[in-house]
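Here's the structure we're looking at; comments come further down.
Numbering (UniProt numbering), first residue to last: 1 to 230.
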């Protein structure tokens, strides 16, 4: 970032309704993650390039990526204003909502002035990298969620069963989730194990972790959602 760029940012801050330290804006302008600031009336005061991409409709589209979550985001902002605390959320963008579907991690926190007055809400969003408890002892527990089938070896229904098996569900619970009989689930499970040469669930889970199949979310379970953690 050049001195001229910084001078432009300084000039921009003079027209903002909420004071934002120039050091924060410089950091956010150079960040590859999404940052924004709203005032206490929930009007945008600042957005960086990455956040702009989230709230601007793509070419030929009427809605932005975050449009389906407008009500939830407003609730999230209001909770931060009411509590004065940082509050996290997870957003799942459906395959038809995003060219490269992803899970987003959001955190929203209060912005204060020098006198300690709450002046707005800072929002931060980034692509979610999943870390399972195993990730602290082995690298196969760390990865990024994907909506693209990792292999053509299995049918879409088999991927549904795999997703639920790796989530720790029993055969009976899987049958309830996918509205199929227990015998049908056993049939799919047997086919899955046969295709990869596994004789038990332990061996299959180990193989799945090695191939990062545990980070795949099938379309059946990929409905758009914004979950606030509070």
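Yeah, the Cβ is synthetic: ideal placement off N, Cα and C, and Gly gets one too. These numbers come from a predicted model, not from an experiment.
Near residue i, which residues of its chain fall below 8 Å by C-beta distance, leaving aside the five closest residues on each side in sequence?
i: residue 22; result: 6, 9, 10, 13
i: residue 154; result: 162, 192, 195
Residue i and residue j look like a contact to me (Cβ under 8 Å); what is the Cβ gap, rounded to whole Å?
i: residue 1; j: residue 29; result: 7 Å
i: residue 211; j: residue 150; result: 6 Å
i: residue 74; j: residue 42; result: 7 Å
i: residue 80; j: residue 50; result: Incorrect: roughly 20 Å between the Cβ atoms, too far for contact.
Just curious, the alpha helix (DSSP H) that residue i is in, first and last residue?
i: residue 3; result: 3-13
i: residue 209; result: 201-210
i: residue 188; result: 182-196
i: residue 159; result: 156-166
i: residue 51; result: 49-55
Excluding the 5 residues flanking residue i on each side, which residues of the same chain have their C-beta closer than 6 Å to its C-beta?
i: residue 103; result: 92, 128, 145
i: residue 166; result: 208, 214
i: residue 220; result: 160
i: residue 185; result: 171, 174, 175
By how many angstroms is the C-alpha of residue j removed from the C-alpha of residue i?
i: residue 84; j: residue 117; result: 10 Å
i: residue 188; j: residue 230; result: 38 Å
i: residue 215; j: residue 147; result: 9 Å
i: residue 193; j: residue 72; result: 41 Å
i: residue 183; j: residue 82; result: 51 Å
i: residue 39; j: residue 113; result: 12 Å
i: residue 208; j: residue 175; result: 21 Å
i: residue 70; j: residue 120; result: 18 Å
i: residue 77; j: residue 123; result: 9 Å
i: residue 59; j: residue 37; result: 25 Å
i: residue 213; j: residue 169; result: 16 Å
i: residue 181; j: residue 87; result: 41 Å
i: residue 202; j: residue 226; result: 33 Å
What residue range is occupied by the uninterrupted beta strand (DSSP E) comprising residue i?
i: residue 111; result: 103-112
i: residue 92; result: 87-92
i: residue 124; result: 118-127
i: residue 26; result: Element bounds for residue 26: not the beta strand (DSSP E) but the alpha helix (DSSP H), 22-29.
i: residue 225; result: 225-229
i: residue 34; result: 34-39
i: residue 83; result: Where residue 83 is concerned, there is no enclosing beta strand (DSSP E), although the alpha helix (DSSP H) it sits in stretches over 70-83.
i: residue 142; result: 142-144
Let's test the definition: count the other Cβ atoms within 10 Å of the Cβ of residue i and tell me whether it reaches 16, buried, or not, exposed.
i: residue 223; result: exposed
i: residue 20; result: buried
i: residue 25; result: buried
i: residue 4; result: exposed
i: residue 48; result: buried
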